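J.: Residue numbers for the sequence shown follow the numbering used here, so the first one is 1 and each next one is one higher. Shown below is the structure under consideration.
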Amino acid sequence: MLESPSSAITSPTRRELATVTCLLALAVLFCFRELVTNPTHLLVGAHRGGENDLTAYFLPALDLPGTAIAQGKFPSWNPHLSLGSPTWGNPQSLLFYPPNWLCWWLGSAAASWLLVAHHWWTGVGAYLWARQLGVRHVSALIAGVIGAATPYAIAHTAEGHYPQTCVMAWLPWTLWAFERFLASGGRRWLGVSVCLSLSFLGGHVQESFYLSLLLSGTMTCCLVSRFFSRDAAVRADWARMTWYWSLVGVVTIGLVLVELLPTFGNSQLSVRASGLPLSLAGDGLKLGHWSRLWNPQVESVETSGTSFGSWEFCFHFGIVPALLAVLAMWCGRQRPGTRRLLLMLAVTVLFAFGARSPFFRFCHAWLPGIASFRCPARALYLSSMIIAVLAAIGWDSLWPRLWDARPARRRLAHWASLLVLGLIVWELGTFSARVFATIPPTALRRDSSISKFFRERPSVDRVLSGMGLYDDREAHQDGVQKVLGYEPFMFLRCALFLDALTPDGSKLDPGGFLLPSFRDLHKPLVDLAGVRYAIMPADQPPVAGWKRVATGTVPAEITQPNQLNQTLSFAIFENQTVLPRAFVIGQVTETSNSSQGTKLARLLEQINPRETLLLPQDILPRDSDRTPFAEASIESYSNNEVRVRASSSGHGYLVLTDLFHPGWSATVDGQPTTILPADIAFRAVPLAPGEHSIVFRFVVPGWKAGAIVSALSWLAVSLIALRSSTLIAGRSAKESAQRTSNVCSTNASTST
Numbered sequence: 001m002l003e004s005p006s007s008a009i010t011s012p013t014r015r016e017l018a019t020v021t022c023l024l025a026l027a028v029l030f031c032f033r034e035l036v037t038n039p040t041h042l043l044v045g046a047h048r049g050g051e052n053d054l055t056a057y058f059l060p061a062l063d064l065p066g067t068a069i070a071q072g073k074f075p076s077w078n079p080h081l082s083l084g085s086p087t088w089g090n091p092q093s094l095l096f097y098p099p100n101w102l103c104w105w106l107g108s109a110a111a112s113w114l115l116v117a118h119h120w121w122t123g124v125g126a127y128l129w130a131r132q133l134g135v136r137h138v139s140a141l142i143a144g145v146i147g148a149a150t151p152y153a154i155a156h157t158a159e160g161h162y163p164q165t166c167v168m169a170w171l172p173w174t175l176w177a178f179e180r181f182l183a184s185g186g187r188r189w190l191g192v193s194v195c196l197s198l199s200f201l202g203g204h205v206q207e208s209f210y211l212s213l214l215l216s217g218t219m220t221c222c223l224v225s226r227f228f229s230r231d232a233a234v235r236a237d238w239a240r241m242t243w244y245w246s247l248v249g250v251v252t253i254g255l256v257l258v259e260l261l262p263t264f265g266n267s268q269l270s271v272r273a274s275g276l277p278l279s280l281a282g283d284g285l286k287l288g289h290w291s292r293l294w295n296p297q298v299e300s301v302e303t304s305g306t307s308f309g310s311w312e313f314c315f316h317f318g319i320v321p322a323l324l325a326v327l328a329m330w331c332g333r334q335r336p337g338t339r340r341l342l343l344m345l346a347v348t349v350l351f352a353f354g355a356r357s358p359f360f361r362f363c364h365a366w367l368p369g370i371a372s373f374r375c376p377a378r379a380l381y382l383s384s385m386i387i388a389v390l391a392a393i394g395w396d397s398l399w400p401r402l403w404d405a406r407p408a409r410r411r412l413a414h415w416a417s418l419l420v421l422g423l424i425v426w427e428l429g430t431f432s433a434r435v436f437a438t439i440p441p442t443a444l445r446r447d448s449s450i451s452k453f454f455r456e457r458p459s460v461d462r463v464l465s466g467m468g469l470y471d472d473r474e475a476h477q478d479g480v481q482k483v484l485g486y487e488p489f490m491f492l493r494c495a496l497f498l499d500a501l502t503p504d505g506s507k508l509d510p511g512g513f514l515l516p517s518f519r520d521l522h523k524p525l526v527d528l529a530g531v532r533y534a535i536m537p538a539d540q541p542p543v544a545g546w547k548r549v550a551t552g553t554v555p556a557e558i559t560q561p562n563q564l565n566q567t568l569s570f571a572i573f574e575n576q577t578v579l580p581r582a583f584v585i586g587q588v589t590e591t592s593n594s595s596q597g598t599k600l601a602r603l604l605e606q607i608n609p610r611e612t613l614l615l616p617q618d619i620l621p622r623d624s625d626r627t628p629f630a631e632a633s634i635e636s637y638s639n640n641e642v643r644v645r646a647s648s649s650g651h652g653y654l655v656l657t658d659l660f661h662p663g664w665s666a667t668v669d670g671q672p673t674t675i676l677p678a679d680i681a682f683r684a685v686p687l688a689p690g691e692h693s694i695v696f697r698f699v700v701p702g703w704k705a706g707a708i709v710s711a712l713s714w715l716a717v718s719l720i721a722l723r724s725s726t727l728i729a730g731r732s733a734k735e736s737a738q739r740t741s742n743v744c745s746t747n748a749s750t751s752t
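Next comes the structure, spelled out in structure tokens:
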């Protein structure tokens, strides 16, 4: 039976919180001392010369909203990567998480200090969680330090996993709120909803989903134990707890619906809509990773060939924290909440082993949503937070055994606590110093000869390039659209089209980290995608249909100060047979709506895009005269709107080679019309003969309903919180006045 936390726990005082937050800030600054000594630099990892997800993906993602808002537009659609993708409804676009809004005005360089702030916030939450479990101040500070600098989170931050660090900061806060929920019999439900909502809005749904499942499973166990309790009062309490937990779920959904509704809709259009197979979804820890518990740098034959970077499998919590957590298993298992934490730790670690764990295989088969995510080892975020609090419980369990019974040794106990804290700070700080580095913003490649080439030739034509010669950040700054780009939220239509680009069976890297050669590409489909330029290594041999128009060298993506840095030779080729980004075509090849994706991709390889259009259904009159292929004119092109002028000599379709998405609507001469998915990935609208003005507009599906519900939910939550704080303040004032009155009465009696 899972025990309930003690109800006699007192809340930390303001003075205590002020002291603790300052001490945790000092500990965090020590761990991030590389950034402290270079405060204007970017925080990166030391293992790849400064290249990580922050510099490759999240800096442009943080820049895009600020740029769009400065132009008076909301960044609902991003045309710069792949074939285009929505930003609203892509959690890693970081739109609705309030701390990210600072980057819109301060610039994306502020992201480094936001990462530090989130580590500090994690520590504060871990401290409060430990205090809620009845741990002493000094012992709870141990939980705070470990939570703020746990190696698994530090490794992910070094790799630039910005949204995961944001989500991590709310894990201990949610678990703290959950303990308060249990201790109050469900009455303190509001904090769980708010913390869960902020973790979801943080930008990486996977960890929030795991947290929700963990809490729901724990709550189910608690409710079952109450239902079968022999105590009638406890048994009667389960219905109320069930009601409050249902309220947590409903309110949480309401708070995040503005992001949840578009995200769910987009997930049904992504490559993960039907779930990932066990071979992909279950790539977790391996048995050899156990050795990292005492040495995070160790590699074995089994672990050296993992499909993810070693940061995903950093099965290390720190030696001192792990020993203290073992102490909790031995000495503190009878304390309120400890057995529940041990069970949660076992669940998360077993889950992290993925397909090698029968528990994960069961979850993958029977729990909806598990198959939507890869790398189950990310459950170690939760394991790390649990270890932090168990370490605090372990140290706290020694007090009554060794020191509380001997008052003369209490001072020695405090010195011993300081020593343990010092050891933890030193160990975790040493680990942090080994994995962190900083680079000045000027180290990022800017104004290269490639950038200057495209700035002199602004257009909506696409570019084929790898990350090494011309990365996504540069393309965003130059207003260039890359046909290959690092987008983790890949849509199925885009993936199918990119798969068809390489008909010889070679694997195309949609992120552009590995660039295919010309001979690996299906040229007609490259033409169809509107790829006018290709940036290749300088030794690329001439190929028919491509003309070399520029050569030169560029520095590496990141130039380290005071070091001999590599320069890369490149050649820019112009496509001599590229199709316009918008064109009119009349002939149609119909496909069945039930056709499988791979079959569609193979069918697309067989057609000539200048002669026929691949459509699920031809909605034009069958016996009508069809227009020949003709170029259309793009009059204006922005993130959320495209205006096209087209002329058709017969019935036909206007094709715009941007990604088909149900959020796009179109009008022809001011009249609404249907958009069809053309050539698997693109948009087509039917045209009658004549001159036409076509306008495409993007509106996020369901945004109004989501925004209204979320706004009302946050308003209601704010009013409830305000009322609660007013009642608490009034109660505190009344108790203070009563104490003052009692003191005065006592003094008067003494004087008499």
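Idealized CB from N, CA, C, for every residue including glycine. Predicted, not measured: the structure shown is a model, and the values here were computed from it.
Quick check: the segment 167-179 against the segment 195-207, are at least 3 beta-carbon pairs closer than 8 Å?
T.: yes
J.: Can you list, in chain order, the residues of its chain whose CB lies under 6 Å from that of Leu54, leaving out five sequence neighbours each side?
T.: Gly160, Tyr162
J.: What alpha helix (DSSP H) runs, 4 residues minimum, are completely inside the segment 145-194?
T.: Under the rule that a run must span 4 or more residues, the alpha helix (DSSP H) segments found entirely inside the segment 145-194 read 151-158, 162-168, 171-183.
J.: Taking C-alpha atoms, which residue in Asn639, Arg15, Thr674 lies nearest to Lys73?
T.: Asn639
J.: Does the segment 419-436 come close enough to the segment 30-39 that 3 or more CB-CB pairs lie under 8 Å?
T.: yes
J.: Let me know the alpha helix (DSSP H) ranges lying completely inside the segment 257-287, each 4 residues or longer, listed in chain order.
T.: Listed in chain order, they are 278-281.
J.: Should Ile154 be labelled buried (16 or more other beta-carbon atoms within 10 Å of its own) or exposed?
T.: Ile154 is classed as buried because its beta carbon has at least 16 other beta carbons within 10 Å across all chains shown.
J.: Could you give the first and the last residue of the continuous beta strand (DSSP E) run that contains Arg519?
T.: Run containing Arg519: none; DSSP gives neither H nor E here.
J.: What separation, rounded to the nearest whole angstrom, lies between the Cα atoms of Gly99 and Phe570?
T.: Sequence check: residue 99 is Pro here, not Gly. If I take the Cα positions, the gap works out to 39 Å.
J.: Give me the residue from Leu656, Arg697, Ser649 with the minimum Cα distance to Glu691.
T.: Ser649
J.: Going along the chain, which residues of its own chain have a beta-carbon closer than 8 Å to the beta-carbon of Val531, five neighbours each way excluded?
T.: Asp461, Arg462, Val463, Leu464, Val483, Asn575, Val578
J.: Mind checking which residues open and close the beta strand (DSSP E) that includes Gln671?
T.: 671-673
J.: Residues in its own chain within less than 7 Å of Gly702 by CB, not counting five upstream and five downstream?
T.: Leu261, Pro262, Gly265
J.: Using only CA atoms, which one of Arg272, Ser108, Arg188, Gln587 lies nearest to Leu687?
T.: Gln587
J.: What are the residues that DSSP puts in a beta bridge with Arg683?
T.: Leu656, Pro677, per the DSSP bridge assignment.
J.: Can you tell me which of the three DSSP states Ile319 falls into?
T.: helix
J.: Could you pull out every residue in the same chain whose Cβ sits closer than 8 Å to the Cβ of Leu24, ignoring the five residues on either side in sequence?
T.: Same-chain partners within the cutoff: Trp120, Gly123, Val124, Tyr127, Leu141, Gly144, Val145, Ala148.
J.: I'd like the list of long-range same chain contacts for Leu35, defined as Cβ closer than 8 Å, with 5 residues on each side in sequence excluded.
T.: Correct list, in chain order: His41, Leu43, Ser112, Trp113, Val116, Phe436, Thr438.
J.: If you reduce the DSSP assignment to three classes, tell me which class Gln481 lands in.
T.: Reduced to three states, the DSSP call for Gln481 is strand.
J.: Would you list the one or two residues that DSSP bridges to His692?
T.: Ala646
J.: Span of the alpha helix (DSSP H) holding Trp113?
T.: 111-132
J.: Using CA atoms only, rank isn't needed, just tell me which of Leu293, Gln477, Asp472, Met329 is closest to Lys452.
T.: Gln477
J.: For the alpha helix (DSSP H) that contains Val425, what are its first and last residues?
T.: Here the alpha helix (DSSP H) through Val425 covers 410-435.
J.: Are there three or more Cβ pairs, one per stretch, closer than 8 Å when the segment 274-290 is compared with the segment 352-361?
T.: yes
J.: Whole angstroms is fine: what's the gap from Asp471's alpha carbon to Tyr210's?
T.: Between Asp471 and Tyr210, the C-alpha separation is close to 33 Å.
J.: I'd like the span of the alpha helix (DSSP H) that includes Thr55, first residue to last.
T.: No alpha helix (DSSP H) holds Thr55; DSSP gives it neither H nor E.
J.: Could you check what DSSP says for Lys73 in three-state terms: helix, strand or coil?
T.: Here DSSP, grouped into helix, strand and coil, assigns Lys73 to coil.
J.: In this structure, does DSSP put His651 in helix, strand or coil?
T.: Shown here, His651 sits in a strand according to DSSP, grouped into three states.
J.: Assuming contact is defined by CB atoms lying nearer than 7 Å, are Val700 and Gly663 in contact in what I supplied?
T.: At the C-beta level, Val700 and Gly663 come within 7 Å of one another.
J.: Take the Cβ of Ser216 as the centre, count every other Cβ of all protein chains shown within 10 Å, and call the residue buried at 16 or more, exposed below.
T.: Burial call: exposed.
J.: Let me know the secondary structure DSSP gives Glu456 once reduced to three states.
T.: coil
J.: To the nearest angstrom, how far is it from the Cα of Thr534 to the Cα of Gly468?
T.: Note that residue 534 corresponds to Ala in the displayed sequence, not to Thr. Cα to Cα, the separation comes out at about 13 Å.
J.: Quick one: what does DSSP say Pro616 is sitting in, helix, strand or coil?
T.: coil
J.: May I ask you to list the residues that DSSP assigns as paired with Ala550?
T.: DSSP, once it has assigned bridges, lists Ile572 as partnering Ala550.
J.: If you check the beta carbons only, do Ala109 and Pro561 fall under 7 Å apart?
T.: Taking 7 Å as the Cβ cut-off, Ala109 and Pro561 do not qualify as a contacting pair.
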